[in-house]
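Input: a single structure, listed below in structure tokens.
There are 2 protein chains.
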Amino acid sequence: MSEKLLGYKGKALDVLLDSKAEVGDLIRITKDESTYEGILIPRSELGDDKHVVIKIKSGYNVGVEVTSITKITKIGAKRRPAFTPPDLPEQNRSLPKVTIVSTGGTIASRVDYRTGAVRPAISARDLYSIVPELSNLAMVDTEILFSVFSEDLTPKHWIKTAETVAKHILNGTDGVVVTHGTDTMGYTAAALSFALQNLPVPVIIVGAQRSEDRPSSDAALNLVGAVLAASKAPFAEVAVAMHESVSDEAVVLHRGTKVRKLHTSRRDAFKTVNAQPVAKVSNGQIVMLTENYQPRSKERKLVLKPEFEEKVALIKFYPGMNPKVIDWHVEAGYKGIVLEGTGLGHVRQECFSSIKRAVGNNVIVAMTSQCIWGRVNMNVYTNGRDLVAMGVIPLQDMLTETALVKLMWSLGQKQDIDEAKKLLTTNLVHEISERSIEQSKSPDTKQTQKET
Amino acid sequence: MSEKLLGYKGKALDVLLDSKAEVGDLIRITKDESTYEGILIPRSELGDDKHVVIKIKSGYNVGVEVTSITKITKIGAKRRPAFTPPDLPEQNRSLPKVTIVSTGGTIASRVDYRTGAVRPAISARDLYSIVPELSNLAMVDTEILFSVFSEDLTPKHWIKTAETVAKHILNGTDGVVVTHGTDTMGYTAAALSFALQNLPVPVIIVGAQRSEDRPSSDAALNLVGAVLAASKAPFAEVAVAMHESVSDEAVVLHRGTKVRKLHTSRRDAFKTVNAQPVAKVSNGQIVMLTENYQPRSKERKLVLKPEFEEKVALIKFYPGMNPKVIDWHVEAGYKGIVLEGTGLGHVRQECFSSIKRAVGNNVIVAMTSQCIWGRVNMNVYTNGRDLVAMGVIPLQDMLTETALVKLMWSLGQKQDIDEAKKLLTTNLVHEISERSIEQSKSPDTKQTQKET
């Protein structure tokens, strides 16, 4: 495919070829009674063959559907779309102060015009200037912390992020927004949930599934929702702000310990698992979805506990898994292992002697389920009972990702293995639901008199 | 808790204590205008505190809700509930022939009265006798192949199962039902989908989330649905038959390559991911949900390809994952690795040199996503592009579990690495959706003219 019309195909490509326009040119699209003018921008591989996308003067992207009567005229020569941030809008000093800490990811990225791929590049200041509405919501201050794909983040980055957020809270901000790649956003959300205790103000992690210069970007709505929540949400917890549905309507605020990315590309990829989200932002209003939350209070004194033990592994079990993988981790000095077992929390009997050896070597071995929804229960089947008897710790309805992070954190807090275990199994920030939402719908609680 | 009233608590326990009845006793429950008689059976830890469960004369279990006016009277001394199968019902020789191959699991298990835990024990013949309706559906023949918890099954068991199913098909059965534990049922379903090619009749894998002697067991409905599908469904493919919802209404037939256990305990734990199920069984009727299926035809000649390479690993990526885990597998002689990456198919750059080394050692490295829904797309971000450039194979919208099984199978079929790779990426039994269902709902295909 030509670089000059990168990502275009089918009908849309045909009309563009007729117009002789290239990516970067200023074009005019005429269709029915409407006319659109803007700079032609490339499309992603995920795009359809029906839309031509232009960046209009305001900085927004518009996707125009091509029909048989659509006409495209080139009205200006090729130039790169202007991304230079305008001057910062005048700040309204009566508004709450919100700090945006940027770590990278799609929300802070754009298409690399050379390769067509997306690269992290944009600064928090750029983001702010792309969404001018932010100046009506808060006095925004920004800090670029990293510019990293989120799959490249490690516990070291969590520590640095927690410290940076804490610094801004101690400096008196009314709320913090952390922009982050979506790939490992759930892991970081859990990490900040444990590291930032006794929060006085909200910490909102936000990302985008499609970059800001794509027609279907979710960046603007998510960012507005996140800044709104940081500035005036009544809760003081760590939450993830992402689209509620594929339409551009509402943003859900998911609790940092209960959220998981469940779709590779959809804008509503993030879901709260085994619980209710904390709140949602709809029509500029924050709607609380639970009464059980820590209220915002500037009197509360933040407790920063940013230590994570890196020698903790996640091992997903599968049929025929080689138990020696467990041995290898023990020999490599790992101090904790989260086994993502099957069903209610099982692994094959062949693994038992390796698990015993791990426990005997003071490695904390904990169990979650690869089912994702529901709760492990290791008392139902003999394999589960045997595992508990040898010291494996069932982690209730904790997400595997949250379990990994919490085990890293527990071992970072406590040298003593029994104290670390106690911390791991104590519900601190809603990582364990008393009885998970899904579970409470289970038929046992609403069975009628006759069942076969 | 007393062994004598195992699993009972709260209100239900109080009423039972008053009655002096114990598990195994014959009791009478009087409530409103109804009277129930049967043998008191123990409850699971998952049960509520409102129901008393008895096994009535027909062999079914009944859960009776305890209210303030419920009375319980002991009318017979303790004895074990009678599990001895009655004589087989007279076979109707005009019905289709269905073979039930039993491998173990909850559907073939019952509570161990000694430990209170569930153990696999029951034979296919027992199952048949528990659900007498089966004799109206098919002439049922049974074979006990294993009696194993499904987490203990390995590729060796898949081979044996495929061979056994093939034997019965060659002997002229009209359909095969495989009873199986739910924990790894998705993996086995994928394995049989690849091993049993060109099927003339359906092969239906069935399980239960709660064992047959529990009040909320899903065993009977699932088994009836499975036998009905095996005997007369119009498709000849491998499918999984499990509850559609938590109510006892319909059974869904999920394609073997697209199904995943997504809840630890609910009866509707199994869902088709990124596609539509093949069919459902509702009110004794089979309703097809797709037109794209291989029709039943006894003329078609089964091709059995049961070879699986066991030296294939599944590695779930997580932040900070040690790349040496990859090296260890290469050194241990593994021939294939499925990486369950983040988002569109990513792992951290730190892993790149280990992945290069693996590929250089003729290990096939393939990528799926831990998001579960959606499709990997390694062309969007530079990390993804770099991974493809070094030889990592993106597996579209294939489930991780199916990808692991298919890589084992592809390497079992072909010695030549390029031929194995070709097999891995060729869509054989719907393991790859042309465009996944979820994806087609994505906003790119239905965007309106303006989006920010």
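As given, the protein sequences belong to chains A and B, one line each in that order.
FYI, the working numbering numbers position 132 of the first sequence as 146, with every residue one higher than the one before it.
FYI, the working numbering numbers position 5 of the second sequence as 19, with every residue one higher than the one before it.
Cβ coordinates follow ideal geometry from the N, Cα and C atoms, glycine included.
- Taken in chain order, the members of the region 169-198 of chain B whose beta-carbon sits within less than 9 Å of a beta-carbon on chain A are P169, K170, H171, W172, G195, T196, D197 and T198.
- Sorting A:V260, A:F284 and A:D262 by C-alpha distance to the C-alpha of A:H268 places A:F284 at the top.
- At a C-beta separation below 8 Å, A:F366 has no neighbours in chain B, since its nearest C-beta there lies roughly 11 Å away.
- At a C-beta separation below 7 Å, A:S383 has these neighbours in chain B: T278.
- In the three-state scheme derived from DSSP, where H, G and I count as helix and E and B as strand, B:Y201 is classed as helix.
- In this structure, B:D155 sits near B:T113, with a CB-CB distance shorter than 9 Å.
- Taking C-alpha positions only, B:R389 is separated from B:T382 by approximately 8 Å.
- Among the CB atoms of chain A, one or more fall inside 9 Å of the CB of B:N336.
- For B:N306, the number of other beta carbons within 10 angstroms of its own is below 16, and it is reported as exposed.
- The beta carbon of B:L30 lies closer than 7 Å to those of L19, Y22, V66 and I86 in the same chain, with the five residues before and after it left out.
- When Cβ-Cβ separations below 9 Å define contact, A:E51 makes no contact with chain B.
- For A:A372, the enclosing alpha helix (DSSP H) starts and ends at F366 to G374.
- Among the CB atoms of chain B, one or more fall inside 9 Å of the CB of A:Y201.
- The beta carbon of A:E313 sits closer than 8 Å to the beta carbons of P214 from its chain, once the five residues preceding and following it are set aside; these are given in chain order.
- Under the 9 Å criterion on CB atoms, B:Y395 is classed as interfacial with respect to chain A.
- Judged by beta-carbon spacing, A:E258 lies beyond the 9 Å limit of A:P216, meaning their Cβ atoms are not closer than that value.
- Here A:A434 carries a helix assignment [DSSP, helix/strand/coil].
- Along the region 197-268 of chain A, the alpha helix (DSSP H) occurs as fully enclosed runs of 4 or more residues at 199-209 and 233-246, listed in sequence order.
- Annotated as distal: A:L40 and A:K111, with beta-carbon spacing of 9 Å or more.
- Chain B places a beta carbon closer than 9 Å to that of A:E415, counting this residue as a contact.
- The C-alpha of A:R371 lies about 19 Å from the C-alpha of B:W342.
- Boundaries of the beta strand (DSSP E) harbouring A:D155: M153 to I158, taken from the DSSP string.
- For A:I70, there is no enclosing beta strand (DSSP E), as DSSP marks it with neither H nor E.
- Against chain B, the CB of A:T356 has a partner CB under 9 Å away; the residue lies at that interface.
- Under the Cβ distance rule, A:V379 does not count among the residues neighbouring chain B, no pair being separated by less than 9 Å.
- Using a Cβ-Cβ cut-off of 9 Å, B:R371 does not count as an interface residue toward chain A, since no Cβ of chain A sits closer than that to its own.
- Straight through space, the alpha carbons of B:E147 and B:I300 are spaced by roughly 17 Å.
- Looking from the CA of A:F160, the closest CA among A:V192, A:A180, A:A152 and A:M153 belongs to A:V192.
- Closest by C-alpha distance to B:L235, out of B:R281, B:F249 and B:Q211, is B:R281.
- Put simply, the CB of B:P309 is far from chain A, with every gap to its CB atoms at 9 Å or more.
- Taking 9 Å as the cut-off, the beta carbon of B:A203 is found no closer than this to the beta carbon of B:A243.
- The region 295-380 of chain A contains, as complete alpha helix (DSSP H) runs of 4+ residues, the segments 338-345 and 366-374 (chain order).
- Using beta-carbon distances, A:A264 does not count as an interface residue toward chain B, since no partner is under 9 Å.
- A straight-line Cα-Cα distance of about 12 Å links A:G119 and B:N397.
- Contact check for B:L437 and B:Q427: beta-carbon distance about 6 Å, within the 8 Å limit, so the pair qualifies.
- Counting every other CB atom within 10 Å of its CB across the protein chains shown gives B:G355 a total of 16 or more, marking it as buried.
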